[in-house]
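Here is the structure we will look at, set down as structure tokens.
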Amino acid sequence: MRIQMFALTGILLLAWPLVAEEEVGEFCVVAPHDQICPTFPQDVPEFSEFFEYMVISGAAQAPFDRHAWQAFVALNWRDAADDPDHLGWRAFPRRDEVLGRDSAAQCAAQAANAEVIITDLEQSDGHALVDRHGNYILYESRLNPVAANYIHETALNTLDGQSALDAAEFPQGRDAENPASVLFKGAWTILEAPTDDYINAAGLIVVPPERSVTGQGLCLEVTLGLVGMHIVTKVESGNREEWIWATFEHRANAPVAGDARDINAIYGSNLFPEGCIAPNDPAQDLLLFNAAMASPANTPPTGETLWNATPPFAVDADAQPLQPTQVVRCWDIFGPTQATNARWQEALNGTPLEHYMLISAQWRGANTSPYIEHGELPRFLSNVTMETYLQTDRDGTCLGCHASATLATGAPSDFTFTLREVLE
8 MRIQMFALTG ILLLAWPLVA EEEVGEFCVV APHDQICPTF PQDVPEFSEF
58 FEYMVISGAA QAPFDRHAWQ AFVALNWRDA ADDPDHLGWR AFPRRDEVLG
108 RDSAAQCAAQ AANAEVIITD LEQSDGHALV DRHGNYILYE SRLNPVAANY
158 IHETALNTLD GQSALDAAEF PQGRDAENPA SVLFKGAWTI LEAPTDDYIN
208 AAGLIVVPPE RSVTGQGLCL EVTLGLVGMH IVTKVESGNR EEWIWATFEH
258 RANAPVAGDA RDINAIYGSN LFPEGCIAPN DPAQDLLLFN AAMASPANTP
308 PTGETLWNAT PPFAVDADAQ PLQPTQVVRC WDIFGPTQAT NARWQEALNG
358 TPLEHYMLIS AQWRGANTSP YIEHGELPRF LSNVTMETYL QTDRDGTCLG
408 CHASATLATG APSDFTFTLR EVLE
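Residue numbers (our numbering): 8 to 431.
Structure (structure tokens):
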């Protein structure tokens, strides 16, 4: 699909795609295009450097949403097709492995049995998130072999290697012979047992002594269910230096706020004057929202957030269970993206992947302005499992936030914070 754009007296006009999406096929980047497949999309051929929008149109967003879903299915093909030989993201090295850290050393004896090793116990802003069962939402970051090899080849996992470069520049994707750099982050909930409603993984949670309510380190072997996923891909086409930022969630995470804003309703100095408020008729039994509990939405726990040795794991300094966090979605999902989600969920019917939805795929497609500070579309993008408390901030944007990322030396790190802390 190709988008045509025309400029007239300073106003950009958008023509509809020359080829309809259904004629091209959207489920696989290689033939047959009308069937889901494990092939990761290495580029977005419609991604033009001449894209300049003030708001998102369905036609402009469609290629990025398609790329996001193809990437999500490829990375989770083992769960989509019951294919144990296709590891997907499970084959990616963990961030700590790439950087040469041994943050799971205290649990080395249990690590061999774990698909996911959790050492990140909070969100990137330092706040914890407690689900309705009284357990924390947990995080793990990985890099695909392309990105990991680039770091090792340039010694960016060392201060000397970083000092030798003016800036990091990860490889761009074009095709199977020139694969993309991919960054992955998963958000996980603790399950009582494996279930077909989630992408499951055998997990190991590493709790250091200072985070345990008893002062003793913990090595917790648990079953994890995926509740959120960031997929960040660097492609060659278009404004490639700023990557494509796609984020997915489980459909049973949280309700849409009663005052949620449309994805294009970005104009104004105070977009949420009352904050994000709970809906009048929220759905029941959501992981991050309890309709029977009256408390402010999107408010982080106060005081110490410590770990108990048995469920519920989230406790305070007195070993008392923490109150679950009431979470609502502040930004509604774009209508055309919802339609795309419905098509993919139907194609994935009968697999754990049918329970997930694309929140959006963000890309550099606008002129910078006071309202669109880095040219990112959509202007605001956050995952309620990973950026719960940043949804209404002016910095509540993947591309915009990561535009400030640097190496430990202060040089640009190519939109990733992974390289801020390195070994000497």
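Cβ atoms here follow ideal geometry from the backbone N, Cα and C, with glycine treated the same way.
Inter-residue Cα distance where the pair is residue i and residue j
i: residue 223; j: residue 316; result: 9 Å
i: residue 15; j: residue 52; result: Confidence in residue 15 is poor, its pLDDT being 27 and thus under 50, which makes the residue's placement too unreliable to answer from.
i: residue 383; j: residue 372; result: 6 Å
i: residue 113; j: residue 351; result: 41 Å
i: residue 309; j: residue 164; result: 35 Å
i: residue 376; j: residue 85; result: 43 Å
i: residue 337; j: residue 311; result: 27 Å
i: residue 402; j: residue 419; result: 18 Å
i: residue 334; j: residue 184; result: 43 Å
i: residue 325; j: residue 393; result: 27 Å
i: residue 205; j: residue 374; result: 39 Å
i: residue 192; j: residue 389; result: 13 Å
i: residue 17; j: residue 218; result: For residue 17, the predicted structure reports a pLDDT of 30, less than 50, and the residue's modelled location is therefore unreliable. A value from the coordinates is still provided. Whole-angstrom Cα-Cα distance: 56 Å.
i: residue 366; j: residue 427; result: 28 Å
i: residue 327; j: residue 306; result: 19 Å
i: residue 347; j: residue 391; result: 20 Å
i: residue 270; j: residue 221; result: 45 Å
i: residue 195; j: residue 147; result: 8 Å
i: residue 43; j: residue 354; result: 7 Å
i: residue 89; j: residue 318; result: 30 Å
i: residue 251; j: residue 429; result: 25 Å
i: residue 295; j: residue 287; result: 16 Å
i: residue 329; j: residue 173; result: 46 Å
i: residue 369; j: residue 321; result: 33 Å
i: residue 49; j: residue 57; result: 20 Å
i: residue 314; j: residue 181; result: 45 Å
i: residue 397; j: residue 133; result: 12 Å
i: residue 63; j: residue 115; result: 48 Å
i: residue 197; j: residue 264; result: 25 Å
i: residue 162; j: residue 412; result: 18 Å
Host alpha helix (DSSP H) of residue i (start-end)
i: residue 76; result: 65-82
i: residue 156; result: 152-160
i: residue 463; result: Because residue 463 is not part of the residues shown, which for the chain are 8 to 431, the question remains open.
i: residue 116; result: 115-118
First through last residue of the beta strand (DSSP E) which encompasses residue i
i: residue 170; result: Counting along the chain, residue 170 falls outside any beta strand (DSSP E), though it belongs to the alpha helix (DSSP H) covering 166-170.
i: residue 403; result: Per DSSP, residue 403 belongs to no beta strand (DSSP E) and is neither H nor E.
i: residue 191; result: 188-198
i: residue 125; result: 123-125
i: residue 210; result: 207-214
Close-in-space but distant-in-sequence residues of the same chain around residue i (CB under 6 Å, 5 per side omitted)
i: residue 188; result: 153, 154, 177, 178 and 241
i: residue 379; result: 373 and 386
i: residue 414; result: 169, 420 and 426
i: residue 136; result: 144, 332 and 395
i: residue 55; result: 245
Own chain residues within Cβ distance below 8 Å of residue i, not counting five before or after
i: residue 416; result: 166, 169 and 170
i: residue 293; result: 139, 259, 260, 261 and 262
i: residue 79; result: 236, 238, 253, 255, 360, 363 and 365
i: residue 117; result: 211, 226 and 228
i: residue 131; result: 393, 394 and 424
i: residue 303; result: 282 and 333
i: residue 201; result: 207 and 230
i: residue 120; result: 209, 211 and 228
i: residue 91; result: 85
i: residue 141; result: 318, 319, 320, 321, 328, 329 and 331
Residues of its chain near residue i, where Cβ-Cβ distance is below 7 Å and the 5 sequence neighbours each way are ignored
i: residue 103; result: 110 and 126
i: residue 46; result: 35, 36, 37 and 81
i: residue 358; result: 86 and 87
i: residue 149; result: 96, 99, 100, 101, 102 and 191
i: residue 298; result: 289 and 291
i: residue 105; result: 150, 155, 158 and 164
i: residue 249; result: 371, 406 and 422
i: residue 71; result: 51, 251, 368 and 370
Sequence ranges, beta strand (DSSP E) only - wholly within the region 229-279, length at least 3: 251-257 and 263-268
Contact the region 89-108 vs the region 260-276: 3+ CB pairs below 8 Å: no
Contact the region 400-418 vs the region 96-111: 3+ CB pairs below 8 Å: no
Secondary structure, beta strand (DSSP E): runs of 3+ residues fully inside the region 307-387: 336-338 and 363-371
Contact the region 214-231 vs the region 160-179: 3+ CB pairs below 8 Å: no
Contact between the region 121-135 and the region 205-225 (3+ Cβ pairs under 8 Å): yes
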